[in-house]
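Going by this note's numbering, the sequence shown opens with residue 236, and the numbers climb by one from there. The structure appears right after this line, and notes come after that.
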Amino acid sequence: MNRRTFLKTSAGILAAAPFASSFAAAAGRKRRFALVGTGVRGLSMWGKSVLKTYADRIEYVGLCDANPGRLEYARKYLGLSCPVFTDFDKMLKQTRPDVVIVTTVDSTHHEFIIRGLEHGCDIVTEKPMTTDETKCQAILDAEKRTGRKVTVTFNYRYGAHPTRLKELLREKAVGKITSVDFHWYLNCHHGTDYFRRWHRLRGKGGTLLVHKATHHFDLVNWWLDAEPEEVFAYGGLDFYGRNHSFRHTTCRGCPHKDKCRFFWDITKSKHMMDLYVANEQHDGYQRDGCVWKEDIDIFDKMAVQVKFAGGVQMSYSLTTYSPYEGWRIAFNGTNGRLEAWQDVPWDLGFDTSITQDAHHAKQFDQNRKTKKADFDPIIVMKNFEKHELIKVPRTGGGHGGGDPILLADIFSGEKRTDPLGYMAGTRDGAMSILPGIAARTSIDTGKPIRIADLTTLKPVCKPIHS
Ligand SMILES: NC(=O)c1ccc[n+]([C@@H]2O[C@H](COP(=O)([O-])OP(=O)(O)OC[C@H]3O[C@@H](n4cnc5c(N)ncnc54)[C@H](O)[C@@H]3O)[C@@H](O)[C@H]2O)c1
């Protein structure tokens with residue numbers, strides 16, 4: 236897929252220099268990739284999707300995971316003949332990859348990023364880059380020390396709807412932006428699922444302020460061309476975990492399953508059973524953990540105030556037990572207001588007769604066919620003028636059509652332009668996690684937290700919005 240189909244380009248935007256998709260074919264040979272973390276994301280986005288399109292340009296020379304059973308399943312599932320390793324350093328020494336893809340549990344990303352860099356590899360890492368400020372600084376230092384490159388894959392940026400917003404903001408469609416209202420709603424399927432998995436533990440995912448909100452903070456930083464400066468937050472755990480009258484260990488074998496609306500039957504998915512349940516013996520990880528478990532130590536409601544370099548301020552919230560999954564944003568500018576939203580079911584012709592279950596299934600079907608008439612809205616409201624509704628056509632593919640374009644940027648080997656700055660490195664990776672890390676500390680301490688106090692990075696605002 237060509238990202239240009241997304242762009243309503245302006246002359247200034249077109250002036251951007253082309254770049255060669257950096258991890259693609261080197262002269263005369265395929266680029267050598269190794270992947271660490273053979274869970275669901277590693278196998279889907281970085282496994283099947285990459286091999287389907289780019290097997291003629293890249294090769295997987297090694298797979299690594301702490302769970303030997305999952306690793307073996309991964310090799311078969313992907314149809315690869317490369318060696319598999321539970322020892323990461325051994326994989327690097329034996330297979331000499333050019334690039335390491337990191338798709339492990341969030342709190343471990345830094346280990347593989349740093350060791351990969353020290354072995355002379357470039358790194359492609361899943362979000363969040365890492366989960367605390369100390370690990371973040373260690374990654375920044377390692378990149379500098381080794382001279383290698385880390386790419387953080389922010390697939391949400393690439394969607395057609397976020398892209399159109401970025402263009403409107405670059406064009407200053409409503410003047411200089413002064414404040415942002417941004418609210419994200421996770422539903423009782425996808426949102427609930429975070430509380431079944433390792434994400435429910437602060438020590439693994441850094442709370443949803445990091446694991447999930449890294450996407451949202453990155454979008455805002457990118458939209459505004461500005462970095463966060465100071466954060467104050469509230470948060471609580473009011474719904475999941477200890478807040479319930481009954482609980483079990485997993486949904487499998489649960490004596491309460493007939494009365495629990497959150498019962499989820501993993502046995503219905505062969506892939507999930509093969510990937511996780513069949514390999515519990517190796518690490519004890521239970522994919523269908525009870526959402527009422529008392530060990531849940533993350534927030535399920537979060538409200539964050541962020542002040543950006545350059546003066547923009549933002550009110551952000553994240554909700555995890557909403558009847559629908561979607562988001563709303565408004566950019567308030569000196570000449571008006573931009574409003575946009577996705578998947579708000581009571582608006583713009585949505586079929587209200589379908590159940591929440593059916594709506595969720597449709598929304599999360601990666602193969603869903605989009606109708607020509609499907610669109611995501613942006614309303615441009617200029618002060619004293621009429622409102623304009625921009626209908627951004629929906630595209631297929633994961634994350635609003637973003638995933639395939641991100642893969643093309645990384646693997647295609649084509650000369651590509653990046654006028655909107657989709658490709659992100661460690662600075663963007665850091666600036667997308669530091670507000671969540673600061674928010675977590677702010678909730679714990681009741682104090683505002685300055686981003687400049689967390690690492691050596693000093694927040695800046697790019698000239699476009701100053
Ligand atoms: N960009 C996106 O939209 C998106 C979507 C889903 C997941 N992700 C990210 O992908 C990553 C993986 O998520 P997932 O859903 O596949 O989780 P998962 O639990 O399915 O997979 C994680 C894998 O990491 C392995 N692992 C954990 N610790 C390890 C260690 N120390 N050494 C080696 N292997 C280790 C586990 O055994 C497991 O196989 C996460 O960082 C997540 O944030 C991103």
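Cβ coordinates follow ideal geometry from the N, Cα and C atoms, glycine included.
Collapsed DSSP secondary structure at residue i in the structure displayed
i	result
THR413	strand
ALA250	Caution applies to ALA250, whose pLDDT of 41 falls short of 50 and renders its modelled position unreliable; the model cannot decide the point.
PRO612	strand
VAL719	Because the chain is modelled from 236 through 701, residue 719 falls outside the range shown and cannot be assessed.
PRO683	coil
ARG563	strand
SER504	coil
PHE430	coil
LYS328	helix
GLN548	strand
PHE241	Its pLDDT being 46, under 50, PHE241 is placed unreliably by the model, and the measurement read from it follows with that caveat. Reduced to three states, the DSSP call for PHE241 is helix.
HIS418	strand
HIS354	coil
SER557	strand
ILE348	helix
ILE779	Examination of residue 779 is not possible in this model, given that the chain is present from 236 through 701 alone.
MET236	In this predicted model, MET236 has a pLDDT of only 43, less than 50, meaning its place in the structure is not dependable enough to derive any value.
GLU361	coil
LYS626	strand
GLY568	strand
HIS395	Note on identity: in this sequence residue 395 is Ala, with His being the wrong assignment. Residue state, collapsed to three classes: helix.
LYS617	strand
Reference residue i, options the options, closest by Cα
i	options	result
GLY277	MET537, LYS362, THR338	THR338
LEU459	PHE534, ARG392, ALA290	ARG392
LYS379	LEU352, GLU361, LEU400, PRO397	LEU352
PRO397	PHE610, ILE645, ASN618	PHE610
GLY681	TYR469, ALA448, GLY394	TYR469
HIS202	GLY671, ILE672, HIS595, ASN570	No answer is possible for residue 202: the residues shown for the chain start at 236 and end at 701.
PRO580	GLU574, ARG572, GLN591, LEU573	GLN591
VAL387	LYS650, THR691, MET658	MET658
SER414	THR427, ASN456, ASN478	ASN456
TYR295	LEU327, PRO303, ARG305	LEU327
THR292	LYS411, ARG266, ARG399	As written in the sequence, residue 292 is Arg, which differs from the Thr given in the question. Considering only alpha carbons, the answer is ARG266.
ASP679	LYS311, PHE534, ASP428	PHE534
PRO303	GLY438, ARG651, ALA513	ALA513
GLN198	GLY561, ASN567, MET537, LYS536	Here the chain has residues from 236 to 701 only, and residue 198 is not among them.
SER316	VAL615, LEU286, PRO639, ILE336	LEU286
LEU313	ALA301, THR321, GLY297	GLY297
ARG399	PRO612, ASP663, PRO670, GLY660	PRO612
LYS697	ALA643, ALA448, ALA544, LEU421	ALA544
LYS447	ILE672, ASP322, CYS371	ILE672
THR360	SER342, GLY471, ARG437	SER342
PRO670	GLY441, ARG383, ASP509, ASP357	GLY441
VAL340	TYR520, PRO318, TYR475	TYR520
LYS494	LYS503, ARG482, THR502	ARG482
HIS425	PHE497, GLU620, ASP357	PHE497
VAL526	THR449, LEU454, ARG432	ARG432
Alpha carbon of residue i to alpha carbon of residue j, nearest angstrom
i	j	result
GLU462	VAL695	6 Å
ALA687	LYS505	47 Å
PHE668	PHE430	According to the sequence displayed, residue 668 carries Ile and not Phe. In a straight line, the C-alpha of ILE668 is about 20 Å away from that of PHE430.
TYR511	GLY272	13 Å
ASN237	HIS517	Residue placement at ASN237 is flagged as unreliable, the pLDDT there being 47, under the threshold of 50; the coordinate-derived value follows with that caveat. Distance between the alpha carbons of ASN237 and HIS517 is about 42 Å.
ASP178	GLU346	Only positions 236 to 701 of the chain appear in the structure, and residue 178 is not among them; the question remains open.
ALA515	LYS492	Checking the sequence shown, residue 515 turns out to be Glu, not Ala. Distance between the alpha carbons of GLU515 and LYS492 is about 21 Å.
GLY308	LEU624	In the sequence as displayed, the identity of residue 308 is Tyr instead of Gly. So the alpha carbons of these two residues sit roughly 48 Å apart.
PHE467	PRO654	33 Å
HIS434	TYR556	15 Å
GLY355	VAL385	11 Å
GLY524	ILE531	10 Å
LYS693	PRO490	53 Å
PHE646	TYR289	7 Å
GLU529	SER677	23 Å
LYS311	MET537	41 Å
ILE614	ALA575	6 Å
HIS479	ALA593	26 Å
GLY410	ASP416	16 Å
ARG685	GLU560	31 Å
ASP663	ASP376	15 Å
THR690	CYS371	8 Å
Can you give, in chain order, each stretch of the alpha helix (DSSP H) that sits fully within the segment 630-680 and has at least 4 residues? Unbroken alpha helix (DSSP H) stretches of 4 residues or longer found wholly inside the segment 630-680: 637-646, 661-680, given in chain order.
Going residue by residue through the segment 433-459, where are the continuous alpha helix (DSSP H) segments of at least 4 residues, counting only ones entirely within it? Considered as a whole, the segment 433-459 harbours 437-440, 443-446, 448-459 as its complete alpha helix (DSSP H) runs of no fewer than 4 residues, in chain order.
Inside the segment 453-541 only - alpha helix (DSSP H) runs reaching at least 4 residues: 505-510, 515-518
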